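Chains as they are written, first to last, in the numbering used here: chain A, 2 to 318; chain B, 2 to 318. Built from N, CA and C at the ideal position, the CB exists for glycine as well. Computed from a predicted structure; not experimentally measured. Report on the structure given below.
Number of protein chains: 2
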Amino acid sequence: MALKVAALAGGVGGAKLADGLSRSLPTGHLTVIVNTADDFEHLGLSISPDLDTVTYTLAGLASPETGWGRRDETWNFLQALEQLGGPVWFCLGDRDLALHVERTRRLALGEPLSQITADLAGRLGVDQVILPMTDDRVRTIVDTEAGELPFQEYFVLHHFEPAVCGFRFEGSERARPAPGVLEAVQAADCVVFCPSNPWVSLDPILSLPAIAEAVRAKPVIGVSPIVGGRALRGPAAKMFSEFGIEPSALSAAAHFRDYLKVFVIDHEDANLSSDIGKLGMEVFVAEAVMITPDDRTRLAQEVLVLASELVAAERAA
Amino acid sequence: MALKVAALAGGVGGAKLADGLSRSLPTGHLTVIVNTADDFEHLGLSISPDLDTVTYTLAGLASPETGWGRRDETWNFLQALEQLGGPVWFCLGDRDLALHVERTRRLALGEPLSQITADLAGRLGVDQVILPMTDDRVRTIVDTEAGELPFQEYFVLHHFEPAVCGFRFEGSERARPAPGVLEAVQAADCVVFCPSNPWVSLDPILSLPAIAEAVRAKPVIGVSPIVGGRALRGPAAKMFSEFGIEPSALSAAAHFRDYLKVFVIDHEDANLSSDIGKLGMEVFVAEAVMITPDDRTRLAQEVLVLASELVAAERAA
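Next up, the structure:
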């Protein structure tokens, strides 16, 4: 009997492992719970970057060049918008735009984000469950040396240049987990923290008290988003440094030490194994960098083997 | 000294003559006052079909195949929207979409439609003035055998199939002409009724009492939208028939008899000249069908010669 897994994911790196898990588990055995604190309104559209990246990746539609957006994309809308003097700092491809327009249309009719996400993912051919962490509004506000910035402005408009002093997840105390989120965690044999940014991808999900509580009751396996002191993408390593923490797989493990039973790190970081072990978790060394689609499946299968062992050990205890 | 002209226009036919006038008059000598009662909200976007057709046509960007939308258009957004199960009955090209998104964005910020229209037309290279008839909300409601329908649903979704019993222009009594509209009519030597649908393109403009009053004070030249008993595009002839009126250039002239000083009809309808004359207007027979861009300029120049003669005659009287 295959395991049931609930995976927490943010953007590109998380989506890749989620894709590997999706290919390695029978339909219905994986629920991907996705950060929505990056969501924002732009051009009158409700945009959910992490949900979209996970959806496109699991649908096999993600751009192989960027990791976000759609493959075989065209940019005629954005070009025309630029000619009209409109704001073009956030890249919206012609095909991608349909997802934002359709989501926005259905949200305006009062449908919850979780239902829209499930339906649209199904139409794109995704056969595992993708859930937003909440149907309520939660927004990551980045406190920087340049003042507070909504996440996408920090991330895209300012290319994550301003040094970060802190984060808050506006609305997270009152936000309710989306229907199915707690049920998926409770039904899971194991929770997987995908290699996503700890500060702005996974922390927002765990900022919902009910989700944090449900996750704490489960064995958790994490995969390090930091390899060799670098984030594989994005600003995670830079954020660690700005907080005065050395960016490393050890720091990432320490960040989630209250949750993690097992942490998967890259060969390059094997020397950190013993220090990570001292945090009170098992360490597993793997090829944690996912370049090809096969890399995703291989890493996912290693995670699933660890999960089986972990579950067997917990049952034996 | 070139004439100053205010042209009233709706969709494709009207836009073609407006384009001819635009090419034939010095910059600043033409104001095109455009029907906005066809405007509608779709996919959360504010769409102004007639404004867009006039803008694209005067910018040289209109699709030569359809008359509406942009040339060299791509349809990847619409294709993706269809895959997502979204409503695709109204065709939105990838480049065209930018105009609707940017207009909607600026309207939401509180900018008036007239200002947005002027700015966007300028960015697209239009050097004459294009004005919506009003910045207020006016909507053509079509009373049909199948009940009342908003105009675009009647026109696009139902392919103007239901027989029409009447029209109303919701909001027109209270709507104020957009800034510049009355001034343009008052400053004009002559008003031109472009060959647009009398019922649903020109009547809505004239349904604003202040515009009707200003137009009545000016010499008006109309160009027949009906040639040989057929509308050159769209449902005008069908509408005449459904109202029990024979669709003809004569009927079109009679529809506007309170306004017209001169009416331009096609050679094919030359036999109607005497009957149209009896309505109390001059009749001019021309090649009224515009196939090529040169046809537009030629017809516009004939209209301008008539306008000069009319203005000279009025001054002499």
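9 Å Cβ cut-off: residues of chain A touching residue i
| i | result |
| --- | --- |
| ALA99/B | ASN77, PHE78, LEU79, GLN80, ALA81, LEU82, GLU83, GLN84, LEU85 and GLY87 |
| ALA109/B | GLY45 |
Beta-carbon spacing of residue i, residue j below 9 Å
| i | j | result |
| --- | --- | --- |
| GLY68/B | GLY12/B | yes |
| THR75/A | GLY94/A | yes |
| LEU300/B | GLU288/B | yes |
| PRO226/B | ALA237/B | yes |
| GLU171/B | VAL221/B | no |
| ALA188/B | THR135/B | no |
| ILE1/A | PRO133/A | In the structure as shown, chain A begins at 2 and stops at 318. Residue 1/A is therefore absent and cannot be evaluated. |
| PRO163/A | GLY14/A | no |
| LEU26/B | ALA3/B | yes |
| VAL127/A | THR56/A | yes |
| ILE266/B | VAL228/B | yes |
| LEU1/A | ALA215/A | With chain A covering 2 to 318 only, the question about residue 1/A has no answer from this structure. |
| ARG104/B | LEU22/B | no |
| PHE156/A | LYS239/A | no |
| ARG258/B | GLY281/B | yes |
Alpha-carbon to alpha-carbon, residue j and residue i
| i | j | result |
| --- | --- | --- |
| LEU108/A | ALA218/A | 33 Å |
| CYS166/B | GLU243/B | 7 Å |
| VAL284/A | ILE246/A | 21 Å |
| VAL193/B | GLN80/A | 35 Å |
| LEU125/B | ALA119/B | 10 Å |
| LEU82/A | PRO199/B | 34 Å |
| SER274/A | VAL286/A | 8 Å |
| ALA185/A | ARG106/B | 38 Å |
| ILE142/A | SER173/A | 12 Å |
| THR58/B | SER249/A | 59 Å |
| PRO65/A | THR32/B | 50 Å |
| PRO178/A | LEU121/A | 20 Å |
| THR293/B | TRP90/B | 29 Å |
| GLU112/A | ASP40/A | 17 Å |
| HIS256/B | LEU44/B | 36 Å |
| LEU110/A | ARG234/A | 36 Å |
| ARG72/B | ILE131/B | 20 Å |
| ALA8/B | ASN77/B | 35 Å |
| LEU52/A | GLY181/A | 16 Å |
| ARG24/A | VAL290/A | 18 Å |
| GLU149/B | GLY223/A | 59 Å |
| LEU203/A | ASP137/B | 47 Å |
| GLU269/A | GLY230/A | 10 Å |
| LEU158/B | LEU100/A | 22 Å |
| LEU311/A | GLN302/A | 14 Å |
| ASN36/A | GLN84/A | 33 Å |
| ALA232/A | SER252/A | 12 Å |
| ALA320/A | CYS191/A | Nothing in the structure corresponds to residue 320/A, since chain A is present only between 2 and 318. |
| ALA314/A | GLN153/A | 42 Å |
DSSP three-state assignment for residue i, whether helix, strand or coil
| i | result |
| --- | --- |
| PRO178/A | strand |
| PRO151/B | strand |
| LEU233/B | coil |
| SER242/A | helix |
| GLU315/A | helix |
| PHE78/A | helix |
| LEU209/B | coil |
| LEU59/A | helix |
| ASP204/A | helix |
| ILE292/B | coil |
| SER309/A | helix |
| LEU300/A | helix |
| GLU171/B | strand |
| GLU214/A | helix |
| SER252/B | helix |
| ARG72/A | coil |
| GLY278/A | helix |
| VAL186/B | helix |
Chain-ordered neighbours of residue i on chain A, where CB pairs are closer than 7 Å
| i | result |
| --- | --- |
| LEU121/B | LEU85 |
| ASP95/B | THR75, ASN77, PHE78 and ASP95 |
Chain D residues whose Cβ lies nearer than 7 Å to that of residue i
| i | result |
| --- | --- |
| THR105/A | Checking the listed chains, one finds no chain D in this structure; the protein chains it contains are A and B. |
Closer than 9 Å at the beta carbon, the chain B residues around residue i
| i | result |
| --- | --- |
| ARG124/A | GLN84, LEU85 and GLY86 |
| VAL35/A | Within 9 Å Cβ-Cβ: nothing; VAL35/A doesn't reach chain B, min ~18 Å. |
Partners in chain A for residue i, counting only beta-carbon separations shorter than 8 Å
| i | result |
| --- | --- |
| VAL55/B | Neighbours of VAL55/B on chain A: none; closest Cβ ~16 Å, over 8 Å. |
Cross-chain neighbours of residue i in chain B, by beta carbon under 8 Å
| i | result |
| --- | --- |
| VAL221/A | Within 8 Å Cβ-Cβ: nothing; VAL221/A doesn't reach chain B, min ~34 Å. |
Problem set entry | Whole beta strand (DSSP E) elements within the region 9 to 37 of chain B, 3-residue minimum | 31 to 35
Problem set entry | Start-end ranges of the alpha helix (DSSP H) lying completely within the region 111 to 166 of chain B, minimum 4 residues | 114 to 124
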